[in-house]
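Peer 1: When you number the sequence shown by numbering that gives the first Met the number 0, it's gap-free, plus one each residue, and the end is 328. All residues carry an ideal CB built from backbone N, CA and C; glycine is no exception. As the structure is a prediction and not an experimental result, all values here were calculated from the model. Sharing a structure here in structure tokens format.
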Amino acid sequence: MRLIILGIESSCDESAASICKDGKILSNVVSSQKVHNNYGGVVPEIASREHDRLLNHLVVKSINEANISLNNIEGIGVTKGPGLAGALLTGVSFAKGFSQSINVPIIGINHLEAHIYANFLAYPKLEYPLVCLLVSGGHTQIWYIKNIFDYELLGDTRDDAAGEAFDKGSRILGLGYPGGPVIEKIANKGNSDAINFPRALMEKDNLEFSFSGLKTSLLYLVKKEQLFDVEDIVASYQKAILDVLVTKLLRAINIKKVNTCIIAGGVAANKCLRRMVNDKLNNRINVYYPDINLCTDNAAMIAFLAEIYLMKGIRSSIDFEVVPNLKLK
């Protein structure tokens, strides 16, 4: 017997609720907090207030869209970390109150793990072992996943994540927030070979990442006011980020000799990244990406992972705490 699960996501600037049953999405409602665009980035206090304002409405909407009643919900999954402390606390507090009011179990979910399992939500027949490139606003990691919940970290970022590199690059160029979609759109019009931006830690067998030097290089270029078209700057900047991601992913695949790899996290929505991975691998192994709406922050991946845990009899006590710097182990 499978469960009907309510998922709640509030780790950053997306407020979201979803209903999943038997590994299938019945509803998936997301509200992106566009108010942060005015500030060039996420303002934590505003994010918390927006979650508080939106969550009840989103939960009601997700229940209605799933065509179920409150009494049908059999468990709740909510993001407990990593993320912004206040934003996480808003979501977890709401979820705890909701679980007690309808008397169902609750489980705190690792946001990073949920991004990984978004691929299993999209592709139920995925098989282990596999390599995962996890690329989001706050994390850039390569994982070897031998079996369910059996993770080995192969590479991590020493400073900025790829998503941060996109956001900071966009801010330096005055292009707005969030940076990823803006840069991807403008990059399509430019020459990606116009500027040779640095690629860090590219020596053989190194699977770690560093994007702070790339950001600094862009800043120096802008300050020197050299005559480059903004489209060429953006295209070259994006290519530098993606070159590193793809190179490290291919190394990990070769080291672990797997037949399957998955891409997860918000940056996985980047179409140029997908093309580069497909071109480099050239059908040598199976590559999977979630649908775009499952790459960015959402509650369906939270509900799906919560269902897996709850089916195994794993739940959280009602007094569990948020963990803003939560790791995946």
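Within this structure, are the beta carbons of residue 86 and residue 54 separated by less than 8 Å?
Peer 2: As a working note, residue 86 is residue 87 in the sequence shown. As a working note, residue 54 is residue 55 in the sequence shown. No, the pair does not count as a contact, with Cβ atoms beyond the cut-off.
Peer 1: Using DSSP's beta-bridge definition, name the partner residues of residue 15.
Peer 2: Indexing the sequence shown from 1 puts residue 15 at position 16. Paired residue(s): 8 and 29.
Peer 1: From residue 8 to residue 275, what does the alpha carbon distance come to, in whole angstroms?
Peer 2: Here the question's residue 8 lines up with position 9 in the sequence shown. Here the question's residue 275 lines up with position 276 in the sequence shown. One C-alpha to the other measures close to 30 Å.
Peer 1: Would you list the one or two residues that DSSP bridges to residue 151?
Peer 2: In the sequence shown, the residue the question calls residue 151 occupies position 152. In the DSSP output, where bridge partners are listed per residue, residue 151 has 143.
Peer 1: In or out: residue 189 buried (at least 16 other Cβ within 10 Å) or exposed?
Peer 2: Reading the sequence shown from its first residue, position 190 is the one you call residue 189. Residue 189 should be labelled buried.
Peer 1: Pairs of beta-carbons, one from the segment 272–288 and one from the segment 59–75, closer than 8 Å: are there three or more?
Peer 2: With a cut-off of 8 Å, the segment 59–75 and the segment 272–288 do not count as touching, because too few Cβ pairs lie within range.
Peer 1: Quick one: Cα of residue 56 to Cα of residue 293, how far?
Peer 2: Position 57 of the sequence shown, counting from 1, holds the residue named residue 56. Position 294 of the sequence shown, counting from 1, holds the residue named residue 293. In a straight line, the C-alpha of residue 56 is about 21 Å away from that of residue 293.
Peer 1: Taking C-beta to C-beta, are residue 149 and residue 89 nearer than 8 Å?
Peer 2: Translated into the one-based positions of the sequence shown, residue 149 becomes position 150. Translated into the one-based positions of the sequence shown, residue 89 becomes position 90. In this structure, residue 89 does not lie closer than 8 Å to residue 149 by Cβ.
Peer 1: Is the separation between the beta-carbon of residue 196 and that of residue 216 shorter than 8 Å?
Peer 2: On the sequence shown, residue 196 is found 197 positions in, with the first residue counted as 1. On the sequence shown, residue 216 is found 217 positions in, with the first residue counted as 1. It is a contact, given that the beta carbons lie within the stated cut-off.
Peer 1: Identify, in the order they occur along the chain, each residue of the same chain with its Cβ nearer than 7 Å to the Cβ of residue 94, setting aside the five sequence neighbours on each side.
Peer 2: Your numbering for residue 94 matches position 95 in the sequence shown. So the list reads 7, 75, 77 and 105, once near-sequence residues are dropped.
Peer 1: Please specify which runs of the beta strand (DSSP E), each continuous and at least 3 residues long, are wholly inside the segment 209–267, giving them in chain order.
Peer 2: Entirely contained in the segment 209–267, the beta strand (DSSP E) runs reaching 3 residues are, in chain order, 259–263.
Peer 1: Residues in the same chain with beta-carbon distance under 7 Å from residue 108, minus the five sequence neighbours each way, listed in chain order, please.
Peer 2: Here residue 108 refers to the residue found at position 109 of the sequence shown. Answer for residue 108: 76, 77, 78, 79, 301, 304 and 305, listed in chain order.
Peer 1: With the cut-off set at 8 Å, would you say residue 332 and residue 141 are in Cβ contact?
Peer 2: Absent from the model: residue 332. The displayed extent of the chain is 0 to 328, so no value can be given.
Peer 1: Can you tell me whether residue 292 is helix, strand or coil according to DSSP?
Peer 2: Here residue 292 is taken as the residue at index 293 of the sequence shown, counted from 1. Helix, per DSSP.
Peer 1: Is it the case that the Cβ atoms of residue 296 and residue 214 are separated by a distance below 8 Å?
Peer 2: Mapped onto the sequence shown, residue 296 falls at position 297. Mapped onto the sequence shown, residue 214 falls at position 215. Going by C-beta atoms, residue 296 is not nearer than 8 Å to residue 214.
Peer 1: Which residues does DSSP list as the beta-bridge partners of residue 105?
Peer 2: Within the sequence shown, residue 105 is the residue found at index 106, counting from 1. In the DSSP output, where bridge partners are listed per residue, residue 105 has 75.
Peer 1: Tell whether a beta-carbon distance below 8 Å holds between residue 179 and residue 324.
Peer 2: As a first step, residue 179 is located in the sequence shown; it is residue number 180 there, counting from the start. As a first step, residue 324 is located in the sequence shown; it is residue number 325 there, counting from the start. In this structure, residue 324 does not lie closer than 8 Å to residue 179 by Cβ.
Peer 1: Taking residue 129 as part of the beta strand (DSSP E), name the residues at either end of that continuous run.
Peer 2: Taking the first residue of the sequence shown as position 1, residue 129 is located at position 130. Element bounds for residue 129: 129–134.
Peer 1: So which of 308, 254, 248 and 33 has the shortest CA-CA distance to residue 280?
Peer 2: By 1-based counting over the sequence shown, the position of residue 280 is 281. The candidate whose alpha carbon is nearest that of residue 280 is 248.
Peer 1: Just to confirm the assignment, what range does the beta strand (DSSP E) spanning residue 287 have?
Peer 2: Taking the first residue of the sequence shown as 1, we reach residue 287 at position 288. First-last of the beta strand (DSSP E) with residue 287: 285–287.
Peer 1: Just mark residue 336 as buried or exposed, buried being the case when its beta carbon has 16 or more other beta carbons within 10 Å.
Peer 2: The structure shown does not extend to residue 336, since the chain is modelled only from 0 through 328, so no value can be given for it.
Peer 1: Which of the three DSSP states, helix, strand or coil, is assigned to residue 270?
Peer 2: Taking the sequence shown and counting its residues from 1, one reaches residue 270 at position 271. The answer is helix: DSSP assigns residue 270 an H, G or I state.
Peer 1: Can you tell me whether residue 147 is buried or exposed, with buried defined as 16 or more other CB within 10 angstroms of its CB?
Peer 2: Start at 1 with the first residue of the sequence shown, and residue 147 comes out as number 148. Classification of residue 147: exposed, given that the 10 Å Cβ count is below 16.
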